[in-house]
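Chemist: Residues 631 to 890 (the working numbering) are what the sequence shown spells out, left to right.
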Amino acid sequence: MDLGLVGKVAVITGGSEGIGRATARSLGREGAHVVICARRTDVLEHAAAEIARETGAEIVPISADVSRGKDVERLIGETVGRFGRLDVLVNNAGTSQAREFETVSDEAWQDDLDLKLFGAIRSIRLAIPHLRVAGGSVINVLNIGAKQPAAASVPTSVSRAAGMALTKALSKELASAQIRVNAVLIGLIKSAQHERRWQAQGGPSLSDFYAGMARERAIPLGRVGEAEEVGDLITFLASSRAAYITGVAINADGGASAVV
Ligand SMILES: NC(=O)c1ccc[n+]([C@@H]2O[C@H](COP(=O)([O-])OP(=O)(O)OC[C@H]3O[C@@H](n4cnc5c(N)ncnc54)[C@H](OP(=O)(O)O)[C@@H]3O)[C@@H](O)[C@H]2O)c1
């Protein structure tokens with residue numbers, strides 16, 4: 631299947647590790663030029679070099695903190711300055727913040743909204759003029775808590791529900807410009823954030839740690855997902871083969887969510 635991504639330009643926020651990195655690899659393999667951003671420059675530059683080596687694609691690292699408006703301006707500006715176009719925006723940067731409501735301060739709420747909601751709002755606003763040119767695509771990486779918030783899941787579940795509303799509203803508003811806006815709702819996927827938790831805890835092997843997580847969450851498919859499985863889904867949604875798909879929020883959760 632030809633995905634029609636050769637020569638397209640994609641920006642992936644949080645592209646140095648986990649799902650973002652797997653998405654960069656997948657888009658690079660399809661012949662796209664990929665800009666990845668993250669805060670830690672050393673990890674970011676190492677990831678870009680490695681993905682470029684693996685895929686033969688042009689992978690450009692730009693350090694940026696997406697919770698800061700000025701950084702997002704620089705990220706989109708430098709991308710368009712370098713490539714003269716922007717076709718795909720993947721809003722992926724984020725980290726889990728799931729706690730009991732009474733323990734979450736105003737500051738923690740604001741930080742989560744700045745990272746997950748305003749990061750996406752600002753990058754989409756700046757990307758729209760460029761996405762209009764050839765009909766582009768936005769993919770927002772969210773959490774299944776957006777559809778099915780659990781107890782002690784804030785502020786993340788609330789920020790993610792806002793991200794889902796943003797996805798649907800913009801899919802309607804931008805459809806006439808042939809800009810598609812979709813979301814992928816993550817359940818449990820192997821990534822750097824889980825590996826950090828595993829290292830901090832000590833104990834069993836990494837594979838036993840993931841097997842334990844899958845049992846604890848009673849994931850119907852019986853395992854934690856691979857970052858590549860999400861990266862390939864995002865790449866498909868970004869491609870011309872998904873040209874009739876907009877305004878959807880796809881669960882990538884091994885069947886864990888009780889809602890469609
Ligand atoms: N993996 C899961 O099971 C799971 C579950 C639900 C939702 N998700 C969502 O899926 C997305 C990817 O998660 P992941 O598990 O792949 O995470 P990960 O392995 O921890 O990678 C996160 C990436 O985002 C970057 N990042 C974090 N904060 C950033 C900021 N303020 N500005 C720019 N980049 C930033 C990180 O680099 P730096 O730290 O260097 O900035 C890193 O490249 C996140 O939005 C996460 O909330 C994941």
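All C-beta atoms in this analysis are idealised placements derived from N, C-alpha and C, irrespective of residue type, glycine included.
1. Tell me whether threonine 653, by its Cβ, gets closer than 7 Å to a heavy atom of ligand 1.
2. Does the beta-carbon distance from isoleucine 754 to valine 720 come in below 8 Å?
3. For the beta strand (DSSP E) holding isoleucine 816, just list the boundary residues, first then last.
4. Check whether the Cβ of valine 690 lies closer than 7 Å to any heavy atom of ligand 1, and answer yes or no.
5. Here's a check: name, in chain order, each residue in its chain whose Cβ is nearer than 8 Å to the Cβ of valine 673, leaving out the five neighbours to either side.
6. Please list the segments of the beta strand (DSSP E) lying wholly inside the region 653–696, counting only runs of 3 or more residues, in order along the chain.
7. Taking the alpha-carbon positions, what's the arginine 762 to valine 734 distance?
8. Over what stretch of residues does the alpha helix (DSSP H) that includes arginine 804 continue unbroken?
9. Which value, in whole angstroms, describes the spacing of the CA atoms of glutamate 732 and serine 787?
10. Of the choices Phe748, Leu815, Leu800 and Lys746, whose alpha-carbon is the least far from that of lysine 777?
Modeler: In brief:
1. The residue given as residue 653 occupies position 23 in the sequence shown. Incorrect: threonine 653 has no Cβ contact closer than 7 Å to ligand 1.
2. Taking the first residue of the sequence shown as 1, we reach residue 754 at position 124. Taking the first residue of the sequence shown as 1, we reach residue 720 at position 90. Contact flag unset, no.
3. Within the sequence shown, residue 816 is the residue found at index 186, counting from 1. Per DSSP, isoleucine 816 belongs to the beta strand (DSSP E) from 810–816.
4. Residue numbering aside, residue 690 sits at position 60 when the sequence shown is read from its first letter. The answer is no for valine 690.
5. Here the question's residue 673 lines up with position 43 in the sequence shown. Answer for valine 673: Ser646 and Glu647, listed in chain order.
6. 663–668 and 689–693
7. Numbered from its first residue, the sequence shown carries residue 762 at position 132. Numbered from its first residue, the sequence shown carries residue 734 at position 104. One C-alpha to the other measures close to 39 Å.
8. Working through the sequence shown from its first residue, we reach residue 804 at position 174. Per the sequence presented here, residue 804 reads as leucine, with arginine not at that position. First-last of the alpha helix (DSSP H) with leucine 804: 786–804.
9. Looking up residue 732 in the sequence shown gives position 102. Looking up residue 787 in the sequence shown gives position 157. Glutamate 732 and serine 787: Cα-Cα distance of roughly 15 Å.
10. Residue numbering aside, residue 777 sits at position 147 when the sequence shown is read from its first letter. Closest by alpha carbon: Leu815.
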